[in-house]
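Q:
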Amino acid sequence: MEIQKRDRIYELGSLPPFLLVFAGEVAPIEHRWNQHGLGGDNVRGSCRDLHPGPVSLLHWSGSGKPWFRLDSGRPCPLDSLWAPYDLYGHSH
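Start counting the sequence shown at 1; every next residue gets the next number (the UniProt record's numbering).
#1: In terms of alpha-carbon separation, which member of GLY40, GLY24, LEU38 and PRO52 lies closest to GLU30?
#2: For LEU20, which of HIS36, ARG32, TRP33 and ILE3 has the nearest alpha-carbon?
#3: Which class does HIS92 belong to by DSSP, given the choice of helix, strand or coil?
#4: Consult DSSP for LEU81 and reduce its assignment to one of helix, strand or coil.
#5: Applying the criterion that 16 or more other CB atoms from any shown protein chain within 10 Å of the CB defines a buried residue, is GLY64 buried or exposed?
#6: Applying the criterion that 16 or more other CB atoms from any shown protein chain within 10 Å of the CB defines a buried residue, is ASP79 buried or exposed?
#7: Suppose you measure from the CA of ASP86 to the CA of ARG48; what does that come to, to the nearest Å?
#8: Please name the residue in ALA23, GLY13, HIS59 and LEU12 whose C-alpha comes closest to that of GLN35.
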């Protein structure tokens, strides 16, 4: 983590340091616990739908964050789920 802070050795978000910290001591979980990919998985302009079944956590992984898309006036349909939690009061 210190090397990353100083030299920026990867550009993949927060997952790589977590994988290093847990050293392989991770287990898969059911999809309903983490509805990932709502940020388009780094595909610009990509909107995703929720997977079928119950969902416990919404995760805007990828580069398409709801606050950017709402402020730009080009939101994905599910971005409205995040809007009520906007602590900065951005315009929607």
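Backbone N, C-alpha and C fix where the C-beta goes; we use that ideal spot for every residue, glycine too.
Every value quoted in this text rests on a predicted model; they were computed, and no experiment measured them.
A: Based on what the coordinates show:
#1: The residue given as residue 30 occupies position 30 in the sequence shown. That would be PRO52, whose Cα lies nearest to the Cα of GLU30.
#2: As a first step, residue 20 must be located in the sequence shown, where it is residue number 20. Checked all of HIS36, ARG32, TRP33 and ILE3; the closest Cα to LEU20 is ILE3.
#3: As a working mapping, residue 92 is identified with position 92 in the sequence shown. Caution applies to HIS92, whose pLDDT of 47 falls short of 50 and renders its modelled position unreliable; the value that the coordinates give is listed next. Here HIS92 sits in coil by DSSP.
#4: Residue numbering aside, residue 81 sits at position 81 when the sequence shown is read from its first letter. In the structure shown, LEU81 sits in a helix (DSSP, three-state: H, G or I).
#5: For the purposes of this step, residue 64 is taken as the residue at position 64 of the sequence shown. By the neighbour-count rule (16 or more Cβ atoms within 10 Å), GLY64 is buried.
#6: As a first step, residue 79 is located in the sequence shown; it is residue number 79 there, counting from the start. Buried, because 16 or more other Cβ atoms sit within 10 Å of the Cβ of ASP79.
#7: Taking the sequence shown and counting its residues from 1, the one referred to as residue 86 is at position 86. Taking the sequence shown and counting its residues from 1, the one referred to as residue 48 is at position 48. Cα to Cα, ASP86 sits roughly 20 Å from ARG48.
#8: As a first step, residue 35 must be located in the sequence shown, where it is residue number 35. Checked all of ALA23, GLY13, HIS59 and LEU12; the closest Cα to GLN35 is HIS59.
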